[in-house]
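Engineer:
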Amino acid sequence: MINFDYIKATSTKAATDARVKNASSEFIAGGTNLVDLMKRGVAGPETLIDITGLPLKQVTTDATGITIGALALNSDVTENAIIKQKFPLLSHALNAGASAQLRNMATVGGNMMQRTRCPYFYDIALPCNKRQPGSGCGASEGYNRMHAIFGASEKCIAVHPSDMCVALAALNATVQVSDSKKARQILFTDFHRLPGDNPEQDNNLQTGELITSVHIPTNNFNKSYYLKIRDRASYAFALVSVAVALEVNNGIIKTASLAMGGVAHKPWRLTEVEKFLSGKSISVDVFAQAAELAMANAKTYEHNGFKIKLGKAAIIEALTKANA
Amino acid sequence: MDKHKPNESRRNFLKNSTALAALTFAPIAFVKAAENDDKIASLFEKVPLQLEINGELHKLTVEPRVTLLDLLREQLNLTGTKKGCDHGQCGACTVHVDGKRINSCLSLAVMNNGKKITTIEGLANGEKLHPMQEAFIKNDGFQCGYCTPGQIMSAVCCIREGHANNPAEIREYMSGNICRCGAYPNIVDAITEVKKGGQTV
Chain A
1 MINFDYIKAT STKAATDARV KNASSEFIAG GTNLVDLMKR GVAGPETLID ITGLPLKQVT
61 TDATGITIGA LALNSDVTEN AIIKQKFPLL SHALNAGASA QLRNMATVGG NMMQRTRCPY
121 FYDIALPCNK RQPGSGCGAS EGYNRMHAIF GASEKCIAVH PSDMCVALAA LNATVQVSDS
181 KKARQILFTD FHRLPGDNPE QDNNLQTGEL ITSVHIPTNN FNKSYYLKIR DRASYAFALV
241 SVAVALEVNN GIIKTASLAM GGVAHKPWRL TEVEKFLSGK SISVDVFAQA AELAMANAKT
301 YEHNGFKIKL GKAAIIEALT KANA
Chain B
1 MDKHKPNESR RNFLKNSTAL AALTFAPIAF VKAAENDDKI ASLFEKVPLQ LEINGELHKL
61 TVEPRVTLLD LLREQLNLTG TKKGCDHGQC GACTVHVDGK RINSCLSLAV MNNGKKITTI
121 EGLANGEKLH PMQEAFIKND GFQCGYCTPG QIMSAVCCIR EGHANNPAEI REYMSGNICR
181 CGAYPNIVDA ITEVKKGGQT V
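Just so you know, the sequences run in chain order A and B. Quick note: the first sequence uses this note's numbering, first residue 1, plus one each step. Quick note: the second sequence uses this note's numbering, first residue 1, plus one each step.
#1: Would you mind sorting residue 249/A into buried or exposed? The rule is 16 or more other CB atoms within 10 Å of its CB.
#2: Is any beta-carbon of chain A found at less than 7 Å from that of residue 64/B?
#3: Pull up the distance between the alpha-carbon of residue 257/A and that of residue 291/A, whole angstroms please.
#4: DSSP three-state label for residue 242/A, please.
#5: What are the boundary residues of the alpha helix (DSSP H) that includes residue 113/A?
#6: To the nearest angstrom, how far is it from the Cα of residue 190/A to the Cα of residue 171/A?
#7: Using the Cα positions of residue 111/B and residue 173/A, report the straight-line distance between them to the nearest angstrom.
#8: If I measure Cβ to Cβ from residue 311/A and keep anything under 6 Å in the same chain, skipping five residues before and after, which residues do I get?
#9: My output table needs one value for residue 92/A: the three-state DSSP class, helix, strand or coil.
#10: Taking the alpha carbon of residue 199/B as the reference point, which residue from 187/B, 59/B and 156/B has its own alpha carbon closest?
#11: Under 6 Å Cβ to Cβ from residue 254/A, same chain only, skipping five residues before and after it: list those, please.
#12: Measure the alpha-carbon distance for residue 115/A versus residue 147/A and round it to whole angstroms.
#13: Kindly say whether residue 104/B, judged by its beta-carbon, lies nearer than 7 Å to any beta-carbon of chain A.
#14: May I have the straight-line CA-CA distance separating residue 105/A from residue 132/B, to the nearest angstrom?
#15: Would you call the stretch 52 to 59 of chain B and the stretch 107 to 121 of chain B touching, i.e. three or more CB-CB distances under 8 Å?
#16: With distances taken Cα to Cα, identify the nearest neighbour of residue 222/A among 15/A, 210/A and 321/A.
#17: For the alpha helix (DSSP H) containing residue 171/B, list its first residue and its last residue.
#18: CA-CA distance, residue 59/B and residue 178/B?
#19: Give the residues of chain A in contact with residue 94/B, contact being defined as C-beta atoms less than 7 Å apart.
#20: Spell out the partners DSSP gives residue 184/B in its beta bridges.
#21: Strictly below 7 Å CB to CB, what residues from chain B border residue 163/A?
#22: Who are the near neighbours of residue 29/B in its chain, counting only those whose CB is closer than 8 Å to its CB and skipping five residues on each side?
#23: Which of the three DSSP states is assigned to residue 2/A in this structure?
#24: Closer than 8 Å by beta-carbon distance: list the chain A residues that pair up with residue 176/B, in chain order.
#25: In angstroms with no decimal places, state the Cα-to-Cα distance between residue 2/A and residue 324/A.
#26: According to DSSP, what are the bridge partners of residue 215/A?
#27: Grab the span of the alpha helix (DSSP H) containing residue 132/B for me, first residue to last.
#28: Out of 142/A, 218/A and 205/A, point me to the one whose CA is closest to residue 85/A's CA.
#29: Name the residue from 9/A, 38/A, 32/A and 129/A whose alpha carbon lies nearest to the alpha carbon of residue 118/A.
#30: Please report the distance separating the alpha-carbon of residue 69/A from that of residue 177/A.
#31: Could you tell me if residue 7/A is buried or exposed, where buried requires 16 or more neighbouring beta carbons within 10 angstroms of its beta carbon?
#32: Rounded to whole angstroms, how far is the Cβ of residue 43/A from the Cβ of residue 26/A, which I believe are closer than 8 Å?
#33: Residue 329/A lies in the alpha helix (DSSP H); which residues open and close that run?
#34: What did DSSP end up calling residue 201/B once you bin it into helix, strand or coil?
#35: For residue 133/A, name the three-state secondary structure that DSSP assigns.
#36: Using a threshold of 7 Å, state whether the C-beta atoms of residue 268/A and residue 150/A are closer than that.
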């Protein structure tokens with residue numbers, strides 16, 4: 001690992017000031033992704049700004065919903081009694097990600113900021129527009145079994161690896177960010193971006209902005225399920241995942257919220273499917289139609305064609321399990 | 001300490017030459033070398049670090065890039081904690097930080113300042129093995145033994161966290177520890193035995 005300067009930030013403002021002042025700097029909290037990227041030479045910041053001392057760990061509730069500090073640990077969030085009771089989708093999604101050790105280190109903000117696990121991004125000997133703009137996309141003509149089927153570009157077909165983010169997208173969360181001068185909110189579904197011509201940008205944060213918290217609004221969802229399909233039973237990234245949150249009354253879906261992971265550069269909300277499901281009676285047939293609709297515009301590559309069939313089956317199973 | 005470092009004399013020179021500067025700017029936690037020194041030598045000085053490791057207080061200095069795993073193994077000769085993949089994928093490096101299990105290979109040592117670390121060396125009570133160590137021996141929970149320190153440290157927390165109530169739950173919450181010999185069934189048995197035994201872990 002290339003060495004770096006280490007600064008421990010004592011306030012959010014000090015952290016964001018240091019980030020702006022040092023062009024080659026990164027915030028670090030759990031470090032579970034960044035340290036790995038630094039070991040592999042994918043990331044090489046000259047300065048690391050340790051933000052773990054900032055007061056951003058609290059989970060608070062009020063009438064509008066729940067606010068989760070950006071430095072709350074993944075393990076603390078998944079075990080939080082209120083989250084288990086009122087936002088079980090988030091708890092389940094978090095538990096489906098990583099390992100117990102990593103969840104004890106990783107923060108909510110860091111989970112959002114983690115980079116893709118595309119092997120072409122991770123191997124500095126291979127071309128990757130995300131790591132090195134202009135070098136080409138090794139995956140599009142290479143081994144692309146894990147890659148996107150929605151929203152990809154010629155420049156990049158990587159997927160976002162998070163489970164937590166898929167649940168937060170389905171739960172209509174918002175992200176609070178701050179820089180030295182002002183704070184602003186970003187809809188969770190607008191936080192991450194599609195690759196387009198600039199796959200080096202994973203999200204819409206401005207330089208110097210720090211995620212301070214995530215807010216999930218109170219909802220009427222009474223059914224939810226997070227289904228993750230992966231190559232082994234635990235501790236692997238999703239081939240596809242489906243987050244389902246429904247408000248169901250007397251067998252009729254009043255509102256539906258669905259998002260998929262492992263299929264796009266960002267958590268993939270299924271807005272057309274949500275509209276279709278709204279007002280429908282629960283039935284396997286309706287679920288099958290929803291699954292067809294979800295995959296209608298999928299675009300596959302040489303090795304990930306299976307994701308269409310798998311995605312449909314996963315949507316049907318997630319909807320079925322949510323209503324079980 | 002650092003006796004094998006080829007550039008030790010230069011580092012000492014830099015450290016001494018910047019000691020006054022460090023005193024002048026006391027709140028700065030790291031010691032930075034003179035601006036006009038060449039980049040590699042000047043930018044990255046050692047950072048003071050205080051850790052309680054297995055009940056013993058250590059006052060250390062480390063480069064910021066040193067992981068907790070490398071500090072334990074290379075600087076403190078606590079080689080019980082193993083380096084497997086060094087990328088957070090195998091769990092061989094699992095230690096407890098303030099009672100929580102983490103991958104020490106992905107944790108920068110400097111970020112653990114002031115924390116309490118427990119490694120496999122600190123689990124036994126003198127000559128008396130920890131119940132989980134005894135259970136691993138009794139249930140043959142290993143073959144080559146390389147993953148075992150990490151497995152045991154993880155297993156202790158698996159019970160402490162309340163996630164060892166049945167074999168399926170144990171498998172899920174131990175999934176961050178890979179055993180290439182495939183001792184998994186016996187590891188699950190060992191953890192189940194300790195859990196059922198009800199001893200304090």
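Just so you know, even glycine gets a beta-carbon here, dropped at the ideal spot from N, CA and C.
Structural biologist: Concretely, from the data shown:
#1: Walking along the first sequence from the start, residue 249/A turns up at place 249. Exposed, since its Cβ has fewer than 16 Cβ neighbours within 10 Å.
#2: Your numbering for residue 64/B matches position 64 in the second sequence. Output row for residue 64/B: interface = yes.
#3: Translated into positions along the first sequence, residue 257/A becomes position 257. Translated into positions along the first sequence, residue 291/A becomes position 291. Cα to Cα, residue 257/A sits roughly 14 Å from residue 291/A.
#4: Working through the first sequence from its first residue, we reach residue 242/A at position 242. Strand at residue 242/A.
#5: Against the first sequence, residue 113/A aligns to sequence position 113. Per DSSP, residue 113/A belongs to the alpha helix (DSSP H) from 108 to 113.
#6: For this step, residue 190/A is matched to residue 190 along the first sequence. For this step, residue 171/A is matched to residue 171 along the first sequence. Their backbone Cα atoms lie some 13 Å apart in a straight line.
#7: Working through the second sequence from its first residue, we reach residue 111/B at position 111. Working through the first sequence from its first residue, we reach residue 173/A at position 173. Rounded to whole angstroms, residue 111/B to residue 173/A spans 30 Å at the Cα level.
#8: By one-based count along the first sequence, residue 311/A stands at place 311. Cβ neighbours of residue 311/A beyond the five flanking positions: 240 and 295.
#9: For the purposes of this step, residue 92/A is identified with residue 92 of the first sequence, where counting begins at 1. Correct three-state label for residue 92/A: helix.
#10: Locating residue 199/B in the second sequence gives position 199, counting from the first residue. The shortest Cα separation from residue 199/B among 187/B, 59/B and 156/B belongs to 156/B.
#11: For the purposes of this step, residue 254/A is taken as residue 254 along the first sequence, with counting starting at 1. The residues are 247.
#12: Position 115 of the first sequence, counted from the start, is the residue given in the question as residue 115/A. Position 147 of the first sequence, counted from the start, is the residue given in the question as residue 147/A. If I take the Cα positions, the gap works out to 14 Å.
#13: Against the second sequence, residue 104/B aligns to sequence position 104. No, residue 104/B lies away from the interface with chain A (no Cβ there is under 7 Å from its Cβ).
#14: Stepping through the first sequence from its first residue, residue 105/A is reached at position 105. Stepping through the second sequence from its first residue, residue 132/B is reached at position 132. Between residue 105/A and residue 132/B, the C-alpha separation is close to 24 Å.
#15: yes
#16: By 1-based counting over the first sequence, the position of residue 222/A is 222. The residue with the shortest Cα to Cα distance from residue 222/A is 321/A.
#17: As a working note, residue 171/B is residue 171 in the second sequence. Looking at the DSSP string, the run of the alpha helix (DSSP H) that includes residue 171/B is 167 to 173.
#18: As a first step, residue 59/B must be located in the second sequence, where it is residue number 59. As a first step, residue 178/B must be located in the second sequence, where it is residue number 178. Distance between the alpha carbons of residue 59/B and residue 178/B is about 33 Å.
#19: Reading the second sequence from its first residue, position 94 is the one you call residue 94/B. Within 7 Å Cβ-Cβ: 101.
#20: Counting from 1 along the second sequence, the entry for residue 184/B is found at position 184. DSSP lists no partner for residue 184/B.
#21: Locating residue 163/A in the first sequence gives position 163, where the first residue counts as 1. Within chain B, no residue comes near residue 163/A; the closest Cβ sits about 14 Å away, beyond 7 Å.
#22: To locate residue 29/B, count along the second sequence from 1; it is residue 29. Legend: pLDDT at residue 29/B = 43, less than 50; position of this residue unreliable, value from coordinates given subsequently. Closer than 8 Å at Cβ, skipping near neighbours: 47 and 48.
#23: Position 2 of the first sequence, counting from 1, holds the residue named residue 2/A. Three-state result, residue 2/A: coil.
#24: By one-based count along the second sequence, residue 176/B stands at place 176. The contacting residues are 98, 99, 100, 101, 102 and 235.
#25: By one-based count along the first sequence, residue 2/A stands at place 2. By one-based count along the first sequence, residue 324/A stands at place 324. Their backbone Cα atoms lie some 52 Å apart in a straight line.
#26: One-based indexing of the first sequence puts residue 215/A at position 215. DSSP output for residue 215/A lists 67/A and 174/A as bridge partner(s).
#27: Taking the second sequence and counting its residues from 1, the one referred to as residue 132/B is at position 132. Residues 131 to 138.
#28: Taking the first sequence and counting its residues from 1, one reaches residue 85/A at position 85. It is 218/A whose Cα lies nearest to the Cα of residue 85/A.
#29: Along the first sequence, read from residue 1 onward, the residue named residue 118/A stands at position 118. Checked all of 9/A, 38/A, 32/A and 129/A; the closest Cα to residue 118/A is 129/A.
#30: Here residue 69/A is taken as the residue at index 69 of the first sequence, counted from 1. Here residue 177/A is taken as the residue at index 177 of the first sequence, counted from 1. C-alpha separation (whole angstroms): 11 Å.
#31: Start at 1 with the first residue of the first sequence, and residue 7/A comes out as number 7. Label assigned to residue 7/A: buried.
#32: Locating residue 43/A in the first sequence gives position 43, counting from the first residue. Locating residue 26/A in the first sequence gives position 26, counting from the first residue. Between residue 26/A and residue 43/A the Cβ distance is about 7 Å, and since that is below 8 Å, they are a contact.
#33: Coverage of chain A is limited to positions 1 through 324, which leaves residue 329/A absent and any answer about it impossible.
#34: Start at 1 with the first residue of the second sequence, and residue 201/B comes out as number 201. Three-state result, residue 201/B: coil.
#35: Here the question's residue 133/A lines up with position 133 in the first sequence. Looking at residue 133/A - three-state DSSP - the assignment turns out to be coil, as it is neither helix nor strand.
#36: Numbered from its first residue, the first sequence carries residue 268/A at position 268. Numbered from its first residue, the first sequence carries residue 150/A at position 150. Cβ atoms of residue 268/A and residue 150/A: closer than 7 Å.
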